[in-house]
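A.B. asks:
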Amino acid sequence: MDGHTAALLRPPALSLRFYPVWRRNLLVWRKLAAPSMLGNLADPMIYMLGLGYGLGRLLPEIGGMPYITFLAAGTVCFSTMNSATFETLYSAFSRMHVQRTWDAILNAPVTLDDVVTAELAWAASKSVLSGLAIMVVVWALGLSTSPLSLAVLLVVPLIGLTFGALGLAVTAVSPSYDFFMYYFTLFITPIAMLSGVFFPLEELPAAFQTAAWCLPLAHAVALVRPLLLGNVPTDIALHLAVLAAYAAAGFYVALVLFRRRLLS
Amino acid sequence: MALADAARRAPPDDLPPRDAPRAAPRELAAEPALAVSDLRKAYGAHRAVDGVSFAIRPGECFGLLGPNGAGKTTTLKLCLGLTDPDGGEIRLGGHPVPGEAREARVRVGVVPQLDNLDPDFTVTENLLVYGRYFGLSKRAIAARIPELLAFAGLAGRADARIQTLSGGMKRRLTLARALVNDPQILFMDEPTTGLDPQARHLIWERLRKLTAQGKTILLTTHFMEEAERLCGRLVIMDHGRLIAEGSPRALIQQHIDPHVVEVHGEGVAEWAERDARRLCRRVERTGETVFCYDADVAPLLADLEARKELRYLHRAADLEDVFLKLTGRELRD
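Sequence lines, in order, name chains A and B.
Counting from 1, one number per residue, gives the positions in the first sequence under the numbering used here.
Counting from 265, one number per residue, gives the positions in the second sequence under the numbering used here.
1) In the stretch 352 to 378 of chain B, which residue ranges form an unbroken beta strand (DSSP E) of at least 3 residues, counting only runs that do not cross its ends?
2) Here's a check: name, in chain order, each residue in its chain whose Cβ is nearer than 7 Å to the Cβ of B/P383, leaving out the five neighbours to either side.
3) Suppose contacts are defined by Cβ-Cβ distances below 8 Å. Is B/R396 in contact with A/P147 by that definition?
4) Thinking B/V524 and B/R579 are a contact (beta carbons under 8 Å), I'd like their distance in whole angstroms, please.
5) For A/I134, count neighbouring C-beta atoms within 10 Å of its own C-beta (all shown protein chains included) and say buried if the count is 16 or more, exposed if not.
6) Which residues in chain B have a C-beta closer than 9 Å to the C-beta of A/S195? List them in chain order.
7) Whose C-beta lies closer than 7 Å to the C-beta of A/S195 among residues of the same chain, with five residues either side of it excluded?
8) Please classify A/M181 as buried or exposed, where buried requires at least 16 other C-beta atoms within 10 Å of its C-beta.
9) Against B/L344, what residues of chain A qualify as contacts under a CB-to-CB distance less than 7 Å, listed in chain order?
10) At 4 residues or longer, and completely inside the stretch 168 to 239 of chain A: list those alpha helix (DSSP H) runs for me, N to C.
11) Nearest to B/C495 by CA position, among B/E324, B/D560, B/L413 and B/P563, is which residue?
12) Would you please verify whether the beta carbon of A/P20 is less than 8 Å from any beta carbon of chain B?
13) Does the Cβ of A/Y177 have 16 or more other Cβ atoms within 10 Å, making it buried, or fewer, making it exposed?
14) Would you call the CB atoms of B/P447 and B/V547 closer than 8 Å?
15) So B/V374 contacts chain A; which residues on that side make the cut at Cβ distance below 7 Å?
16) With 16 as the cutoff for other CB atoms within 10 Å, does A/I46 come out buried or exposed?
17) Any beta carbon from chain B within less than 8 Å of A/V110's own beta carbon?
18) Residues in its own chain within less than 8 Å of A/L16 by CB, not counting five upstream and five downstream?
19) When the cut-off is 8 Å and only beta carbons count, does B/V300 lie next to chain A?
20) Which residues, taken in chain order from the stretch 229 to 259 of chain A, show a beta carbon closer than 7 Å to some beta carbon of chain B?
21) On the DSSP bridge list, what partners appear for B/H486?
22) Comparing the C-beta of B/D539 with each C-beta of chain A, is any distance below 8 Å?
23) Between the stretch 537 to 545 of chain B and the stretch 556 to 568 of chain B, can you find at least three pairs of beta-carbon atoms closer than 8 Å?
24) Would you give the residue range spanned by the alpha helix (DSSP H) that B/K336 belongs to?
25) If distances are taken between C-alpha atoms only, which option among A/G250, A/C77 and A/R24 comes closest to A/G164?
26) Please tell me whether A/S146 has its Cβ less than 8 Å away from any Cβ of chain B.
27) Compare the beta carbon distance of B/R505 and B/I467 with 8 Å and say whether it is the shorter of the two.
28) Using beta-carbon positions only, say whether B/F326 and A/P109 come within less than 8 Å of one another.
29) Could you name the residues that DSSP lists as bridge partners for B/T509?
30) Taking beta-carbon pairs under 8 Å, can you tell me which members of the stretch 89 to 105 of chain A lie near chain B?
31) Are B/D521 and B/Y557 touching if we call contact CB-CB under 8 Å?
32) Excluding the five sequence neighbours on either side, which residues of its own chain have a C-beta within less than 7 Å of the C-beta of B/T438, listed in chain order?
33) Would you please state the rounded distance, in angstroms, between the beta carbons of B/T337 and B/K305? I believe it to be under 8 Å.
34) Do you know how far the Cα of B/A440 is from the Cα of B/K473?
35) Name the two residues that bound the continuous beta strand (DSSP E) containing B/F451.
36) Near B/E509, what residues of its chain come up, given a Cβ to Cβ distance below 6 Å and the 5 sequence neighbours on each side ignored?
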């Protein structure tokens with residue numbers, strides 16, 4: 001392994017210098033908050049309420065709960081995933097490639113590791129807003145009354161970190177916006193169908209169920225759905241570990257790919 | 265050139281490792297603002313930077329000239345620690361680069377070739393947010409902003425959005441942004457490309473002011489006129505190597521005859537072969553124009569006066585003539 005390869009593969013150098021970069025993204029978001037809120041928050045809510053009540057009228061209870069409650073748990077995870085994914089694909093790509101914001105930042109005493117950390121932290125922050133907004137509706141409609149449902153707010157940031165990290169790895173190799181369609185169509189949409197967001201995972205053929213449990217979203221749903229009903233999830237450590245492993249591996253791969261793209 | 269010698273003094277074999285302790289303070293006092301020795305960087309088989317050495321004195325405006333693809337931008341990236349060299353040594357503001365590149369950049373300002381201002385922010389917000397990347401407090405940055413805006417000629421535009429600024433204003437704001445951390449050295453990568461003459465002159469005037477204040481400037485450009493006006497010393501780079509070094513005046517004296525006559529018109533090619541080569545020391549042709557260089561062009565001019573079909577321009581040789589002589593006249597893409 002030569003020096004350049006070693007430099008690409010070195011472990012992440014984490015520092016608090018990511019914070020001014022995170023704040024920059026926050027300041028932009030505050031200026032554009034209204035349309036951003038509408039897209040990130042209102043959209044999944046309309047789906048949840050429309051499908052939950054509309055389709056829910058035709059469905060018997062699922063797993064001992066009304067369909068709207070079942071769907072609410074899935075929507076928290078789905079919406080959090082989408083929010084982190086959009087942010088790290090389209091928005092991060094704009095900042096890196098189109099606006100060259102990263103170039104400007106890298107001329108200051110901030111490293112690429114700091115910038116990528118900031119992007120991940122920012123994507124997770126934004127996804128927390130999405131997850132929180134759904135939860136506020138869930139509580140307001142009385143779909144969940146258990147204090148345990150508050151623990152959902154601890155799972156949501158992890159979902160954001162996981163899908164933020166995966167999204168960054170895709171952005172690191174993307175030549176243009178069009179490339180993201182592959183990721184959405186070949187990964188995000190199937191994963192949403194496989195992971196028990198809209199219907200129980202157990203309805204799937206065995207092979208698909210195995211595939212689902214290898215991917216992170218099913219583990220997120222497996223944590224959030226019991227919590228909404230006021231039950232302690234089973235296999236908490238396993239679910240958390242899978243999400244954390246995807247987050248850590250995604251972040252590291254993204255970092256190596258960004259280094260290769262921008263620093264060589 | 266005592267300082268250039270200083271950069272060459274240490275042979276590459278004796279280079280300290282990247283994480284070696286910094287030089288003793290006694291040496292730091294005399295240290296160049298930027299010293300590069302035997303710098304190398306290849307992309308596959310292409311040697312983008314191929315054994316480059318130079319040193320910039322504090323307070324100097326130093327030009328790095330070269331045609332497109334000569335390796336200028338790669339050299340800047342290497343000096344800022346944004347890419348790792350294959351070989352050679354870089355010291356920026358007393359710090360070894362890339363080992364302590366981040367620390368070195370604390371006192372560096374960069375005006376990039378392409379604008380990368382934050383389009384969602386106002387003028388003030390751009391400065392404020394950029395200052396925070398240097399760890400500066402909002403109060404410290406806010407205190408500097410009026411002065412920076414006045415310097416950039418943007419005093420009335422503090423709350424303007426970036427989209428409403430002209431190209432020249434954006435460049436000046438980028439310059440102001442590069443000064444937000446009160447840098448010792450400024451890296452300017454083609455700072456006036458795409459600007460109209462008024463905007464260009466204003467940038468030149470500001471850069472002179474900065475060197476008068478004692479700032480060091482590393483300027484890349486392919487406007488020879490710009491380099492001739494601003495740079496005390498410059499190097500010409502081509503194919504990853506330095507091919508000339510000196511003050512603009514010295515380079516012109518050293519490399520080119522003082523008079524140039526540019527000739528074009530019907531039959532210029534035949535005239536060049538038949539008469540120009542006889543009447544003048546050096547003749548070059550590109551397309552339909554013939555360039556004649558000599559210390560005494562009186563016989564040539566007398567000959568041209570008698571030829572109604574040829575038109576000519578007699579002028580003093582400038583840096584562009586040197587540049588074209590050294591790097592050739594063929595197009596670079």
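Backbone N, C-alpha and C fix where the C-beta goes; we use that ideal spot for every residue, glycine too.
C.D. replies: According to the data block:
1) 359 to 361 and 372 to 375
2) The sequence position of residue 383 of chain B within the second sequence is 119, counting from 1. These residues qualify, in order along the chain: I426 and Q427.
3) The residue you call residue 396 of chain B lines up with position 132 of the second sequence. The residue you call residue 147 of chain A lines up with position 147 of the first sequence. Between B/R396 and A/P147, the CB-CB gap reaches or exceeds 8 Å.
4) Mapped onto the second sequence, residue 524 of chain B falls at position 260. Mapped onto the second sequence, residue 579 of chain B falls at position 315. At roughly 5 Å, the Cβ-Cβ gap stays under 8 Å, so B/V524 and B/R579 are in contact.
5) Locating residue 134 of chain A in the first sequence gives position 134, where the first residue counts as 1. With 16 or more other Cβ atoms within 10 Å, it is buried.
6) For the purposes of this step, residue 195 of chain A is identified with residue 195 of the first sequence, where counting begins at 1. Contact annotation for A/S195 against chain B: no contact, minimum CB-CB distance about 35 Å [criterion: below 9 Å].
7) Looking up residue 195 of chain A in the first sequence gives position 195. Excluding positions up to five away in sequence, the list reads L201, A212, L215, L217, A218 and V221.
8) For the purposes of this step, residue 181 of chain A is taken as the residue at position 181 of the first sequence. Counting the other Cβ atoms within 10 Å of the Cβ of A/M181 gives fewer than 16, which makes it exposed.
9) Position 80 of the second sequence, counting from 1, holds the residue named residue 344 of chain B. Correct list: N107.
10) 180 to 183, 189 to 194, 206 to 214 and 216 to 229
11) Position 231 of the second sequence holds residue 495 of chain B. For the residues B/E324, B/D560, B/L413 and B/P563, the minimum Cα distance to B/C495 belongs to B/E324.
12) The residue you call residue 20 of chain A lines up with position 20 of the first sequence. By this cut-off, A/P20 is an interface position.
13) In the first sequence, the residue the question calls residue 177 of chain A occupies position 177. Label assigned to A/Y177: exposed.
14) Stepping through the second sequence from its first residue, residue 447 of chain B is reached at position 183. Stepping through the second sequence from its first residue, residue 547 of chain B is reached at position 283. Contact: no.
15) Residue mapping note: residue 374 of chain B aligns to position 110 of the second sequence, counting from 1. Those are N107, listed as they occur along chain A.
16) Taking the first sequence and counting its residues from 1, the one referred to as residue 46 of chain A is at position 46. By the 10 Å Cβ count, A/I46 comes out exposed.
17) Against the first sequence, residue 110 of chain A aligns to sequence position 110. True, the Cβ-Cβ gap to chain B drops below 8 Å.
18) Counting from one through the first sequence, the residue named residue 16 of chain A turns up at place 16. Answer for A/L16: no residue qualifies.
19) Within the second sequence, residue 300 of chain B is the residue found at index 36, counting from 1. Chain A contact via Cβ: absent.
20) none
21) In the second sequence, residue 486 of chain B corresponds to position 222, counting from 1. DSSP output for B/H486 lists no bridge partner at all.
22) Here residue 539 of chain B corresponds to residue number 275 of the second sequence, with the count starting at 1. No, no contact with chain A.
23) yes
24) Here residue 336 of chain B refers to the residue found at position 72 of the second sequence. Element bounds for B/K336: K336 to C343.
25) Within the first sequence, numbered from 1, the residue matching residue 164 of chain A stands at position 164. Here the closest residue by C-alpha is A/G250.
26) Counting from one through the first sequence, the residue named residue 146 of chain A turns up at place 146. Closer than 8 Å: no.
27) As a first step, residue 505 of chain B is located in the second sequence; it is residue number 241 there, counting from the start. As a first step, residue 467 of chain B is located in the second sequence; it is residue number 203 there, counting from the start. Against a cut-off of 8 Å, the Cβ pair of B/I467 and B/R505 comes out as no contact.
28) Here residue 326 of chain B refers to the residue found at position 62 when the second sequence is read from its first residue. Here residue 109 of chain A refers to the residue found at position 109 when the first sequence is read from its first residue. Going by C-beta atoms, B/F326 is not nearer than 8 Å to A/P109.
29) As a working note, residue 509 of chain B is residue 245 in the second sequence. It should be pointed out that residue 509 of chain B corresponds to Glu in this sequence rather than to Thr. Its beta-bridge partners are B/V499.
30) So the close ones are Q99, R100, T101, D103, A104 and I105.
31) Position 257 of the second sequence, counting from 1, holds the residue named residue 521 of chain B. Position 293 of the second sequence, counting from 1, holds the residue named residue 557 of chain B. Taking 8 Å as the Cβ cut-off, B/D521 and B/Y557 qualify as a contacting pair.
32) The residue you call residue 438 of chain B lines up with position 174 of the second sequence. The residues are V375, D379 and L381.
33) Counted from its first residue, the second sequence places residue 337 of chain B at position 73. Counted from its first residue, the second sequence places residue 305 of chain B at position 41. Actually they do not touch by this definition, with Cβ atoms about 11 Å apart.
34) Position 209 of the second sequence holds residue 473 of chain B. Position 176 of the second sequence holds residue 440 of chain B. Each residue's Cα considered, the two are about 13 Å apart.
35) For the purposes of this step, residue 451 of chain B is identified with residue 187 of the second sequence, where counting begins at 1. It spans I449 to D453 - the beta strand (DSSP E) in which B/F451 sits, taken as one unbroken run.
36) Position 245 of the second sequence, counted from the start, is the residue given in the question as residue 509 of chain B. Same-chain partners within the cutoff: V499.
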